[in-house]
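To start, the structure under review is shown below, and the notes come after it.
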Amino acid sequence: MSRESSAKRSGRRPGPTTTREAIAEAARRQFAELGYDRTTLRGIAAEAGVDVALVARFYGSKDALFREVMALPAEVAEAMAGLADGSTDTVGRRLAEVIVGMLENPRSRSIVIGRIRSASSHPEAAALVRETVTRDVGRLVAAVTDDEPETRAVLVGSQIVGLALARYVVRVEPLASLAEEDVIDYVAPVFQHYLVGPLKAGWPDDL
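Numbering of the sequence shown is given in the working numbering, commencing with residue -6 and proceeding in unit increments.
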């Protein structure tokens, strides 16, 4: 008898991979909507349709679960890493495309929002937000300029956090209803200025 037919006859439940991902999806959504403190392993288990013991079995503690499911998808990190390869004249727009694209994707948006919501009350979440700025944004800035790279990275990071909160959490209009391309058009010049523009000399006179 084949393994496939045996599984069908036994009515076997989905395997560990499916269960683990169901838990991860529930955790991402709850961390994004409730923040770290109000999210519980029991609530995650209930949404995923599993026993709470399985959550602990797959992920261990709530801290460990948070860090694992709140990691940025590999494709986002890779896209960030590749931004320095092109011209510095368009690096702000390329960054805007990556950031807005990440926030428009429900899965990666829940990760970003979950980090931000939790950062004010949970040190691990705050560390993840800082890690994004110092590692992912910091690497990009260091690759395109040696003029105050740490300050530039923090300014870019503050813009990302502000955009995420205003558009997707507070839903401030008209920002919340703008088309994706319009958001990119608006934030690209800001990113460009923070990345390679003069930080202390002010905006050019013709802007």
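No residue lacks a Cβ here, since even glycine has one placed at the ideal position from N, Cα and C.
Closest residue to residue i among the options (Cα-Cα distance)
i, options, result
"E143", "R128, L156 and V48", "R128"
"L65", "P182, V126 and D140", "V126"
"L188", "G94, D30 and R86", "R86"
"A112", "A15, D175, G36 and D56", "D56"
"A15", "G28, L27 and I37", "I37"
"A19", "G150, D140, R160 and G107", "G107"
"G53", "E166, A17 and E68", "A17"
"M63", "E124, D82, P167 and E71", "E124"
Own chain residues within Cβ distance below 7 Å of residue i, not counting five before or after
i, result
"S103", "R21, R22 and A25"
"A89", "I177, V180, A181 and F184"
"L148", "Y187"
"V165", "A159"
Neighbourhood of residue i by C-beta distance below 8 Å, restricted to the same chain and skipping five residues each side
i, result
"G131", "P142, E143 and A146"
"V219", "Outside the modelled stretch of the chain, which goes from -6 to 200, sits residue 219, for which no answer is possible."
"V43", "T12, A15 and I16"
Beta carbon of residue i nearer than 8 Å to that of residue j
i, j, result
"L58", "V48", "yes"
"A169", "V105", "no"
"V93", "I109", "no"
"E117", "R35", "no"
"V137", "T83", "no"
"F51", "R100", "no"
Inter-residue spacing [alpha-carbon to alpha-carbon] between residue i and residue j
i, j, result
"R5", "T33", "With a pLDDT of only 36 at R5, under 50, the local geometry of the prediction cannot be trusted, and no value is derived from it."
"E173", "L27", "26 Å"
"A41", "L192", "47 Å"
"V154", "N98", "16 Å"
"M73", "A67", "10 Å"
"A159", "D139", "31 Å"
"T11", "D175", "37 Å"
"K1", "L96", "Low per-residue confidence applies at K1: pLDDT is 38, beneath 50, and the placement is therefore not dependable, though the value from the model is reported in the following sentence. Whole-angstrom Cα-Cα distance: 40 Å."
"G150", "A119", "13 Å"
"G268", "L171", "Shown here, the chain extends from -6 to 200; a query on residue 268 therefore has no answer."
"P167", "Y161", "12 Å"
"A135", "Q152", "18 Å"
"L133", "V163", "29 Å"
"V39", "G190", "At residue 39 the sequence reads Ala, which differs from the Val that was named. Roughly 50 Å between the two C-alpha positions."
Min CB distance residue i to chain B below 8 Å
i, result
"F59", "Here chain B cannot be found, since the structure has a single protein chain."
Nonlocal neighbours in the same chain, by C-beta distance under 6 Å from residue i, ignoring five residues either side
i, result
"D30", "S114"
Extent of the continuous alpha helix (DSSP H) to which residue i belongs
i, result
"Y179", "E173 to V189"
"L156", "P142 to A157"
"Y161", "Here Y161 belongs to no alpha helix (DSSP H), and DSSP marks it neither H nor E."
"A112", "P99 to A112"
"G131", "G131 to V137"
"P116", "P116 to E124"
heavy atom of the ligand NAP below 7 Å from residue i C-beta
i, result
"I153", "Looking for the ligand NAP in the displayed structure turns up nothing, as the structure carries no ligands at all."
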